[in-house]
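Participant: In my numbering, the protein residues as written are 68 to 342. Glycine is no exception: its CB is placed at the ideal position from the N, C-alpha and C atoms. Would you mind keeping the following structure in view while I ask a few things?
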């Protein structure tokens, strides 16, 4: 059994549910969080039965972001080291923290974030690494780093320009203002907003079940092709998907899906390979 301090992992019906589980601390990201998330998503990627992930939270707020009390105790850098060595150590520390959200981005199945209340600082880094965001009508997002005098460095500034218009991205990053649900919904950052956390979670689970009913090979391919296309030319993207389908289409899933469509019966697909 996986021992986790900050998260809970449950798998049922082809859906993995990952839950931030420090509501008493507003789900702030302490030392354990950064390794717990990697451990959880390594387990998800190794589980061939998982076809979609719902990433939710507990308590009033989705997350307050970085645990500032933990960070203030010198856990991010060694001030005693010679200056260049201290800076090199800090850089490696940040790269390790980036990996906590990279594993979500790289997950071979879609990840749906469910946001209630505040999604602050590192929370924005987290949800921008997800494929889809569903929230409550009162949720909000804040690129908090500018408010504490630092540059967001674990994924927000790299991923959010693919999700929002450039002018709005810069406004949010420069001002650190709240980005409320209605505005996020208007700009497509949220896929939908619901009256309360339970309703938002229900919507996410319904979407996850719909995804899980599709060919897991095709879903993995769609995510891989979409991720590959970021920052690349149209020509490169077209070549990549042509090669992908040349390799993957001989599999059985397409024929199973076509037969299910013709007979109006639910398709039954094999799981992905474990490991």
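Please say whether residue 210 and residue 197 have beta carbons closer to each other than 8 Å?
Facilitator: For residue 197 and residue 210, no; Cβs fall outside 8 Å.
Participant: Rounded to whole angstroms, how far is the Cβ of residue 342 from the Cβ of residue 83, which I believe are closer than 8 Å?
Facilitator: 16 Å between Cβ atoms; not a contact.
Participant: Which same chain residues end up closer than 6 Å to residue 97 when comparing Cβ atoms and leaving out the 5 residues on each side of it in sequence?
Facilitator: Within the same chain, residue 97 has close Cβ partners 134 and 137.
Participant: Hey, how far is the Cα of residue 333 from the Cα of residue 317?
Facilitator: Going from the Cα of residue 333 to the Cα of residue 317 covers about 21 Å.
Participant: Taking the alpha carbon of residue 105 as the reference point, which residue from 80, 85 and 303 has its own alpha carbon closest?
Facilitator: Taking only the C-alpha atoms, the option nearest residue 105 is 85.
Participant: Give, in chain order, every unbroken run of the alpha helix (DSSP H) that is at least 4 residues long and sits entirely within the stretch 183-216.
Facilitator: Those alpha helix (DSSP H) runs which fall completely within the stretch 183-216 and span 4+ residues are 189-195.
Participant: Identify whether residue 89 lies in helix, strand or coil by the three-state DSSP scheme.
Facilitator: Looking at residue 89 - three-state DSSP - the assignment turns out to be coil, as it is neither helix nor strand.
Participant: Should residue 241 and residue 217 be called a contact, given that it needs their Cβ atoms to be closer than 8 Å?
Facilitator: No. Outside cutoff.
Participant: What are the boundary residues of the alpha helix (DSSP H) that residue 112 is part of?
Facilitator: 98-113 is the span of the alpha helix (DSSP H), which, as asked, contains residue 112.
Participant: Using the three-state DSSP reduction, which class does residue 283 fall into: helix, strand or coil?
Facilitator: It is helical.
Participant: Along the chain, where does the alpha helix (DSSP H) that runs through residue 320 open and close?
Facilitator: Taken as a continuous stretch (DSSP letters only), the alpha helix (DSSP H) holding residue 320 covers 320-330.
Participant: In terms of alpha-carbon separation, which member of 81, 291 and 107 lies closest to residue 73?
Facilitator: Measuring from the Cα of residue 73, the nearest candidate turns out to be 107.
Participant: Can you look up residue 247 in the DSSP assignment and give me helix, strand or coil?
Facilitator: If DSSP states are grouped into helix, strand and coil, residue 247 belongs with the strands.
Participant: From the DSSP output, in three-state form, read off residue 338 for me.
Facilitator: Reduced to three states, the DSSP call for residue 338 is coil.
Participant: Could you tell me the alpha carbon to alpha carbon distance between residue 91 and residue 126, rounded to whole angstroms?
Facilitator: Rounded to whole angstroms, residue 91 to residue 126 spans 8 Å at the Cα level.
Participant: Pull the bridge partners of residue 181 from the DSSP assignment, please.
Facilitator: DSSP output for residue 181 lists 201 as bridge partner(s).
Participant: If we count the other Cβ atoms within 10 Å of its Cβ and call it buried at 16 or more, is residue 219 buried or exposed?
Facilitator: By the 10 Å Cβ count, residue 219 comes out buried.
Participant: Below 8 Å on the Cβ atoms is my contact criterion, and I expect residue 183 with residue 129 to pass it. Report the Cβ-Cβ distance as a whole number of Å.
Facilitator: Contact flag correct, Cβ pair sits at about 6 Å.
Participant: Could you tell me the distance, in whole angstroms, from the CA atom of residue 325 to the CA atom of residue 190?
Facilitator: Whole-angstrom Cα-Cα distance: 40 Å.
Participant: Going by DSSP in three states, residue 156 sits in which element: helix, strand or coil?
Facilitator: It is helical.
Participant: Does DSSP classify residue 260 as helix, strand or coil?
Facilitator: Reduced to three states, the DSSP call for residue 260 is strand.
Participant: CB residue 236 to CB residue 192, shorter than 8 Å?
Facilitator: Cβ distance not < 8 Å, so residue 236 and residue 192 don't count as in contact.
Participant: Going by CA-CA distance only, name the one from 322, 223 and 339 that's closest to residue 164.
Facilitator: The option with the nearest alpha carbon to residue 164 is 223.
Participant: Between the Cα of residue 87 and those of 103, 80, 81 and 78, spot the shortest distance and give me the residue it belongs to.
Facilitator: It is 103 whose Cα lies nearest to the Cα of residue 87.
Participant: What is the C-beta distance between residue 185 and residue 260, in whole angstroms, given that I count them as a contact (C-beta under 8 Å)?
Facilitator: Residue 185 to residue 260, Cβ: 15 Å. No contact.
Participant: Given a cut-off of 8 Å on the beta-carbon distance, is the pair residue 292 and residue 307 in contact?
Facilitator: Result yes, Cβ atoms of residue 292 and residue 307 sit closer than 8 Å.
Participant: Going by CA-CA distance only, name the one from 300, 297, 284 and 323 that's closest to residue 314.
Facilitator: Per the Cα distances, 284.
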